[in-house]
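Everything below concerns the one structure shown next.
Residue numbers (our numbering): 2 to 199.
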């Protein structure tokens with residue numbers, strides 16, 4: 002696999018990334034995923050195939066990169082006024098988004114890539130959202146479980162069910178939240194992860 006070019010934020014590199022990402026999204030709306038190729042993406046984006054190979058190495062890495070950008074949360078968790086309410090609403094929305102056809106395809110693209118960095122970004126995005134809910138809870142004087150406990154007790158079962166079974170029901174999602182909140186809570190604020198760049 003070719004070495005990926007060293008990227009700098011902004012400038013031509015950012016414009017190329019945006020153009021290629023837009024091309025991938027546009028092609029996936031009109032054709033089957035199996036028919037999408039790097040030459041087709043390059044033609045749609047107005048770049049050479051070598052530009053894509055140099056930057057992403059192979060098609061699956063590019064699809065994973067596009068998926069990660071789409072998986073990046075575009076809003077803060079809703080503030081319902083309670084830790085339970087915040088976590089329930091966030092978890093229900095997360096489950097709904099990830100179990101949609103688009104959500105499943107994006108997860109598969111990330112998991113199929115050879116580079117684990119994209120999967121780590123997805124993990125960090127989710128942890129940041131949970132950390133914000135935890136910070137709100139602590140600011141209100143409410144206890145909240147450790148972020149790892151929420152990841153293991155709520156997020157992981159949902160993702161497993163989506164990937165290997167059916168979408169968990171709302172009742173199941175709420176049961177997972179109830180179970181994790183019933184565990185020994187953490188009363189000290191947890192620092193949020195550093196924001197993910199790029």
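For each residue, glycine too, the CB sits at the ideal point set by N, CA and C.
For the alpha helix (DSSP H) containing residue i, name the first residue and the last one.
i: residue 125; result: 118-140
i: residue 83; result: That residue, residue 83, is in no alpha helix (DSSP H); it is neither H nor E in DSSP.
i: residue 179; result: 171-183
i: residue 74; result: From DSSP, residue 74 is part of no alpha helix (DSSP H); its letter is neither H nor E.
i: residue 104; result: 102-113
i: residue 143; result: Unbroken run through residue 143: none, as it is neither H nor E.
i: residue 256; result: Any answer about residue 256 is impossible in this case: the structure gives the chain only from 2 up to 199.
i: residue 55; result: 50-57
i: residue 35; result: No alpha helix (DSSP H) holds residue 35; DSSP gives it neither H nor E.
Taking only three categories from DSSP, how would you classify residue i?
i: residue 4; result: Any reading at residue 4 must be qualified, since the residue scores a pLDDT of 41, below 50, and its modelled position is unreliable; the value itself is stated next. Residue state, collapsed to three classes: coil.
i: residue 94; result: helix
i: residue 151; result: helix
i: residue 168; result: coil
Look at the alpha carbon of residue i and the alpha carbon of residue j, and state the distance between them as a whole number of angstroms.
i: residue 156; j: residue 150; result: 9 Å
i: residue 108; j: residue 124; result: 12 Å
i: residue 142; j: residue 136; result: 10 Å
i: residue 180; j: residue 154; result: 8 Å
i: residue 95; j: residue 52; result: 34 Å
i: residue 68; j: residue 147; result: 28 Å
i: residue 171; j: residue 128; result: 21 Å
i: residue 158; j: residue 18; result: 33 Å
i: residue 93; j: residue 55; result: 39 Å
i: residue 134; j: residue 178; result: 13 Å
i: residue 28; j: residue 90; result: 33 Å
i: residue 22; j: residue 60; result: 12 Å
i: residue 47; j: residue 16; result: 11 Å
i: residue 144; j: residue 113; result: 38 Å
i: residue 44; j: residue 25; result: 11 Å
*Just checking, does the segment 38-50 make contact with the segment 80-88 on the three C-beta pairs under 8 Å criterion?*
no
*Is there contact here, the segment 98-113 with the segment 159-175, by at least three beta-carbon pairs under 8 Å?*
yes
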